[in-house]
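Notes follow the structure.
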Amino acid sequence: MPTEGWVLLLAQLPASPSSPRVTLWRRARAAGAVGLQNGAWVLPATDEHREFVERLAGYVREHGGTAYTLHAAAHEDDGIVARFRAERAKEFAEFAERGNALLAELEKETRKDNFSFAELEENEQDLDRLTGWIAKIGARDFFPDEHLKEAESLLDRCRRALDAFTAGVYRAEGVAPDLPPRPE
Numbered sequence: 190m191p192t193e194g195w196v197l198l199l200a201q202l203p204a205s206p207s208s209p210r211v212t213l214w215r216r217a218r219a220a221g222a223v224g225l226q227n228g229a230w231v232l233p234a235t236d237e238h239r240e241f242v243e244r245l246a247g248y249v250r251e252h253g254g255t256a257y258t259l260h261a262a263a264h265e266d267d268g269i270v271a272r273f274r275a276e277r278a279k280e281f282a283e284f285a286e287r288g289n290a291l292l293a294e295l296e297k298e299t300r301k302d303n304f305s306f307a308e309l310e311e312n313e314q315d316l317d318r319l320t321g322w323i324a325k326i327g328a329r330d331f332f333p334d335e336h337l338k339e340a341e342s343l344l345d346r347c348r349r350a351l352d353a354f355t356a357g358v359y360r361a362e363g364v365a366p367d368l369p370p371r372p373e
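When we follow our numbering, the leftmost residue of the sequence shown carries the number 190, and every step to the right adds one.
Here it is, written out as structure tokens:
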């Protein structure tokens with residue numbers, strides 16, 4: 190995403206209670222904002238991000254803080270873009286860890302011939318979480334690189350592995366007579 194500058198939120202909240210600060214932090218992070226320094230958050234300048242930052246500023250003021258929103262140009266966009274990419278890289282690394290754990294779990298249960306509906310349901314829930322998670326990461330990946338493609342590829346491998354496991358469950362439970370028997 191080429192950027193037309195940056196939207197900044199400069200926010201300061203009272204030290205107590207801490208819950209408004211935590212809420213601000215969570216909302217900013219969920220939107221993909223990067224913290225430059227204490228109380229300074231940045232997003233690529235888009236209409237959506239400007240509206241979001243204005244809402245956050247309103248939240249800060251409602252909770253007794255001060256907030257300023259700015260539209261700025263950076264002398265060195267590359268450094269800011271690198272910060273965004275580093276944040277997403279951390280998320281993609283954690284996604285990969287969880288995706289590989291699902292693949293390992295499916296492989297382990299297949300080796301043990303543990304083809305049960307309970308195991309299938311558990312693994313379907315894990316895949317659903319991964320699917321939702323990659324959508325959230327992708328939505329805040331403003332400067333995509335190879336990490337998104339790698340994560341999508343891993344998710345596809347997880348889907349295929351779960352499809353194969355599902356077929357094994359249906360075979361084992363005798364509810365899919367049209368499936369060929371599992372090779373011994």
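Where is the CB? At the ideal position from N, CA and C, for every residue including glycine.
It should be emphasised that the depicted structure is a prediction, and the values quoted were computed from it without experimental measurement.
For residue i, which of the options has the nearest alpha-carbon?
i	options	result
L292	F332, A275, A353, A256	A353
L225	S208, A204, T235, D266	D266
A285	R215, A219, L337	L337
D302	R360, A204, T235	R360
A229	D236, I323, K297, A261	A261
Count the other CB atoms, across all protein chains shown, that sit within 10 Å of the CB of residue i; report buried if there are 16 or more and exposed otherwise.
i	result
P277	Rather than Pro, the amino acid found at residue 277 in this sequence is Arg. When all chains shown are included, R277 counts as buried.
A328	exposed
V196	buried
N227	exposed
V378	Residue 378 is absent from the structure shown; the chain starts at 190 and stops at 373.
H264	exposed
G268	exposed
A217	buried
R215	exposed
V249	buried
P219	Per the sequence presented here, residue 219 reads as Ala, with Pro not at that position. A219 is exposed by the Cβ-count criterion.
A390	The chain is shown only over 190 to 373; residue 390 falls outside these bounds and no answer can be derived.
E237	exposed
V231	buried
For residue i, which residues does DSSP report across the bridge?
i	result
H260	V196
T255	Q201
V249	None; V249 has no bridge partner.
G224	W230
Give a yes or no on whether the C-beta atoms belonging to residue i and residue j are separated by under 8 Å.
i	j	result
V358	L309	yes
P233	F304	no
E362	F281	no
V242	R272	no
L351	E313	yes
D334	R287	no
Determine, using beta-carbon pairs with one atom in the stretch 192 to 210 and one in the stretch 251 to 270, whether at least three such pairs fall under 8 Å.
yes
Just checking, does the stretch 312 to 328 make contact with the stretch 340 to 360 on the three C-beta pairs under 8 Å criterion?
yes
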